[in-house]
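This is the structure in structure tokens:
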């Protein structure tokens, strides 16, 4: 008999792979595929364009539609410059906590899901259980859409998705969506004493940043919709968190680059916000080109993430509440892959062990109690199946 690892033992192995989003995740995928294969489970992959990363997914139970998906991601954020008390890629238990990069976000849930899939294989289930582990979640959930598309081509389509992002085992039924843009202002250099004959990329870029401030003020002043009122803050936000540019204080800046991120309410149209932003870009670009025609604004669209909207009598929410006993109303302002699954026609909810406040932190941890609560959740889910 091949070894049947405990959830903790699986988490140890997953954390040991340094799957920072900028690097490959293939060694982890290889291990998961081999482990599932040793228990008679066939796994499938979907590679990214460079074949340097892959999503992995699998199906246990009757070869029929209508199953449940356990959804996680394999990538983690960097540890560069963070003051860790122990090796980030070795699980260490201290004071009732499991420390390690990804223990909370979200290799702890991945380990529990792999354990549950293997248990389902041995116990037998009358309703299918599927596993879906993506790549590049941490850089905008960009690996989820092609994975979901490929899953539907290879596996019987499931009905319900449980996305195990850390929610303290509560049922999160809605989250904001997102759109991100990288802006490169291409100006024209002159001596600053003749600035009217040049195009200062920084100062024209500031017009777009001030537009973001204006939009935030307008959105804040609006009366929130019923859906918006669930969130904190109860409006769509526009944020600039990184900027660079310029050569010297007495030269009009030739270049300026910055990011613009939208956190969009799930009852608002992300395309509307995209069009409003690009219209403002066109307006500022026209002002620049009226001075120096060859100047321009370059826009790179980084990602678009759909929000998760509350479902009416959604099965995913019902399952999560039935197993956890949670009846509270929970929404979050960060994004997850649940929005992509919902857009693809699945009932989706976010429900996983750990506290999101620990995600991305030095000495990231999940408490032993929360990890055990996730284990209990999987046992009760298997009983239902």
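In the UniProt record's numbering, the protein residues as written are 1 to 385. Idealized CB from N, CA, C, for every residue including glycine. Since the structure is predicted, the reported quantities are computational estimates derived from the model, not experimental observations.
Original post:
Should residue 104 and residue 355 be called a contact, given that it needs their Cβ atoms to be closer than 8 Å?
Top reply: What you label residue 104 is simply residue 104 of the chain shown in a count that begins at 1. What you label residue 355 is simply residue 355 of the chain shown in a count that begins at 1. Yes, Cβ-Cβ distance for residue 104 and residue 355 is below 8 Å.
Subject >> Terminal residues of the alpha helix (DSSP H) in which residue 336 lies >> reply: Taking the first residue of the chain shown as 1, we reach residue 336 at position 336. Residue 336 -> no alpha helix (DSSP H), and no H or E assigned at all.
Original post:
Using a Cβ-Cβ cut-off of 6 Å (strictly less than) and excluding sequence neighbours within five positions of residue 69, which residues of its own chain qualify?
Top reply: As a first step, residue 69 must be located in the chain shown, where it is residue number 69. Hits under 6 Å: 130, 132, 158, 161.
Subject >> Same chain, Cβ closer than 7 Å to residue 367, neighbours up to 5 away in sequence not counted >> reply: Translated into positions along the chain shown, residue 367 becomes position 367. The answer, listed in chain order, is 96, 97.
Original post:
Do the region 5–24 and the region 74–82 touch if we need at least three Cβ pairs shorter than 8 Å?
Top reply: yes
Original post:
Counting Cβ pairs, one atom from each stretch, are 3 or more of them under 8 Å apart for the region 243–260 and the region 214–230?
Top reply: no
Subject >> Cβ shell of residue 373 (< 7 Å), same chain only, five flanking positions each side left out >> reply: Within the chain shown, numbered from 1, the residue matching residue 373 stands at position 373. Same-chain partners within the cutoff: 169, 353.
Original post:
For residue 236 versus residue 268, is the C-beta spacing smaller than 8 Å?
Top reply: Here residue 236 corresponds to residue number 236 of the chain shown, with the count starting at 1. Here residue 268 corresponds to residue number 268 of the chain shown, with the count starting at 1. Yes, these two residues count as a Cβ contact at 8 Å.
Original post:
Can you find at least 3 beta carbon pairs, one from the region 331–341 and one from the region 305–316, that sit closer than 8 Å?
Top reply: At 8 Å Cβ cutoff, the stretches touch.
**OP:** Report the three-state DSSP secondary structure of residue 52 (helix, strand or coil).
**Re:** What you label residue 52 is simply residue 52 of the chain shown in a count that begins at 1. Of the three classes helix, strand and coil, the one that applies to residue 52 here is coil, per DSSP.
**OP:** Go ahead and label residue 53 buried or exposed: buried means 16 or more other beta carbons lie within 10 angstroms of its beta carbon, across all protein chains shown.
**Re:** Position 53 of the chain shown, counted from the start, is the residue given in the question as residue 53. When all chains shown are included, residue 53 counts as buried.
**OP:** Grab me the residues of residue 144's own chain with a C-beta within less than 6 Å of its C-beta, minus the 5 sequence neighbours each way, in chain order.
**Re:** The sequence position of residue 144 within the chain shown is 144, counting from 1. These residues qualify, in order along the chain: 134, 337, 340.
Subject >> Straight-line Cα distance separating residue 360 from residue 263 >> reply: If you number the chain shown from 1, residue 263 lands on position 263. If you number the chain shown from 1, residue 360 lands on position 360. Distance between the alpha carbons of residue 263 and residue 360 is about 19 Å.
Original post:
beta strand (DSSP E) containing residue 367: first to last residue?
Top reply: Here the question's residue 367 lines up with position 367 in the chain shown. For residue 367, the enclosing beta strand (DSSP E) starts and ends at 365–367.
Original post:
Distance, Cα to Cα, residue 12 vs residue 80?
Top reply: For the purposes of this step, residue 12 is taken as the residue at position 12 of the chain shown. For the purposes of this step, residue 80 is taken as the residue at position 80 of the chain shown. Whole-angstrom Cα-Cα distance: 21 Å.
**OP:** On the DSSP bridge assignment, give the partners of residue 182 in chain order.
**Re:** Translated into positions along the chain shown, residue 182 becomes position 182. Residue 182 is bridged to 259, 300.
Original post:
Buried or exposed: which applies to residue 250, given that a residue is buried once 16 or more other Cβ atoms fall within 10 Å of its Cβ?
Top reply: Here residue 250 refers to the residue found at position 250 of the chain shown. Label assigned to residue 250: exposed.
Subject >> Assigned exposure category for residue 22 - 16 Cβ within 10 Å defines buried >> reply: Your numbering for residue 22 matches position 22 in the chain shown. Residue 22 comes out exposed.
Original post:
When the Cα atoms are used, what is the spatial distance from residue 276 to residue 330?
Top reply: One-based indexing of the chain shown puts residue 276 at position 276. One-based indexing of the chain shown puts residue 330 at position 330. So the alpha carbons of these two residues sit roughly 30 Å apart.
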